[in-house]
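For reference, the structure discussed in these notes is given below.
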Amino acid sequence: MTTDSSFDVIVIGAGPVGLACAIEVQRRGLSVCVVDKGALVNSIVGYPTNMEFFSTPELLEIGGYPFPTSGYKPLREDALDYYRRVAFAENLPLRLYERVLSLEGEPGAYELHTNLGRMQTQSVIVATGFFDVPNKLNVPGEELPHVSHYYKEPYAHVGQPVIVVGAKNSSAKAALQLARAGADVTLVVRGPALADSVKYWIRPDLVNRIAEGRIKALFNTTISAIRPGEIDVVTENAPQTLPASFIYALTGYRPDYSLLAALGIDTQPDAARTPWHDPETFETNRPGVYLAGTVCGGLNTSRWFIENGRYHAAVIAAHLAGQAAPILPPVLQPVQL
Ligand SMILES: Cc1cc2nc3c(=O)[nH]c(=O)nc-3n(C[C@H](O)[C@H](O)[C@H](O)COP(=O)(O)OP(=O)(O)OC[C@H]3O[C@@H](n4cnc5c(N)ncnc54)[C@H](O)[C@@H]3O)c2cc1C
């Protein structure tokens with residue numbers, strides 16, 4: 021029944037988990053298409069340029085393909101190349117730079133609406149991650165062009181005063197990289213200390229750079245306003261104005277709840293605003309519509325990551341094909357970014 025716009029299953033999101041789902045579905049003889057609003061593995065494309073994964077390569081593998089790397093931990097570029105090779109090796113039908121907007125129709129006869137048209141499908145797997153909606157500071161000036169929620173690399177900031185907001189791994193790594201590249205870095209942290217989740221191989225480096233004054237750190241401090249060239253902060257003692265040519269607000273991300281609503285997926289009233297899904301099958305309140313990967317955790321974005329989210333693929337594909345659920349490895353500890 022496959023035509024250019026009619027599939028048994030459509031996967032929304034060409035991230036590692038979306039690709040894993042498409043592979044498992046296709047291997048069970050169902051027609052599948054992967055739709056992404058951006059590039060292949062768009063979130064990883066957006067990660068810091070020289071980013072090193074926390075996970076070792078075998079924990080990021082999908083479809084049973086080995087992920088060889090020269091180092092102990094893969095770099096962003098290694099992962100980009102790996103997932104591209106896997107997608108091509110499996111001949112996965114991809115529709116990139118096409119944004120899903122909503123889902124109409126009935127179970128078994130759904131119509132997926134995108135910015136480029138409509139597609140017919142029996143089932144949908146939503147693997148849209150969390151990287152597209154940053155947690156905002158909600159202060160005046162946040163929309164100015166020298167404020168970003170995404171850090172790439174330090175070289176535009178040599179000799180410049182740069183503010184990094186946040187206390188977790190992403191902020192810690194960005195602050196260290198910026199300082200080493202010659203930026204004048206101030207780390208602004210809302211709480212009294214760095215997050216416990218900062219990795220053991222990153223923490224001492226940052227603590228020592230703060231101790232020697234190479235990175236300034238303001239704890240118990242929040243930004244109250246951003247203007248071109250400077251910011252206002254509220255500290256324990258008194259308000260201050262700090263020079264700031266650029267602000268990296270690395271305060272985390274959240275799933276796109278407006279998209280989930282447009283797909284007809286309910287949200288639970290828990291603190292994590294968990295999108296409703298059966299934990300055994302990952303099917304949502306909308307029959308034939310499944311969640312996979314990071315999006316399953318709602319605001320708890322460290323609950324599911326590549327290492328453990330990739331296993332959703334076989335569970336969902338088995339359910340779609342009417343097969344017994346596979347036995348999964350033990351649940352892994354959350355990764356904090
Ligand atoms: C800096 C950093 C380091 C990390 N390191 C690790 C690590 O070492 N190990 C690990 O396991 N995890 C790590 N993670 C987490 C991991 O990257 C994510 O958990 C992973 O990307 C989740 O995969 P996913 O397929 O669920 O979602 P994503 O990779 O985020 O993919 C979601 C896709 O959905 C697409 N999409 C969203 N909305 C739409 C729409 N409306 N229409 C069409 N497409 C849409 C997006 O463009 C995107 O390509 C790290 C994350 C970050 C930020």
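In the working numbering, the protein residues as written are 21 to 357. Beta carbons: idealized from backbone N, C-alpha and C, even for Gly. Values in this document were obtained by computation on a predicted structure and should not be read as measured data.
Relative to ligand 1, the nearest heavy atom lies less than 7 Å away from the CB of S75. Within the segment 251 to 307, the complete beta strand (DSSP E) segments of 3 residues or longer fall at 259 to 264 and 266 to 269, listed in chain order.
Under the DSSP assignment, A129 falls in the beta strand (DSSP E) whose first and last residues are A129 to T134. The continuous beta strand (DSSP E) containing Q142 extends over residues R138 to V146. The straight-line gap separating the alpha-carbon atoms of R223 and A237 is approximately 13 Å.
Looking at the DSSP output, T76 bridges to nothing. Counting C-beta atoms within 10 angstroms of its own C-beta, S143 has 16 or more neighbours from the protein chains shown and is therefore classed as buried. Straight across, the Cα-Cα distance linking N62 with R115 is about 13 Å.
Residue burial annotation: P275 is buried, with at least 16 other C-beta atoms found within 10 angstroms of its C-beta. For R247, the enclosing beta strand (DSSP E) begins and ends at T242 to R247. A straight line joining the alpha-carbon of V167 with that of V55 spans about 30 Å.
Looking at the DSSP output, L207 bridges to V184 and A237. Inter-residue distance for H297 and R104 is about 29 Å (C-alpha atoms, whole angstroms). Within the same chain, Cβ atoms closer than 6 Å to the Cβ of L95 are found at E72, the five residues on either side in sequence being excluded. Looking at the DSSP output, Y310 bridges to I145 and E303. Along the segment 321 to 353, the alpha helix (DSSP H) occurs as fully enclosed runs of 4 or more residues at 326 to 329 and 332 to 340, listed in sequence order. The way I'd put it, the segment 250 to 260 doesn't touch the segment 122 to 132; fewer than three beta-carbon pairs between them come closer than 8 Å. At a Cβ-Cβ threshold of 8 Å, T321 and F108 do not count as neighbours. In the structure shown, the three-state DSSP call for V178 is coil.
Between A337 and E44, the C-beta spacing is below 8 Å.
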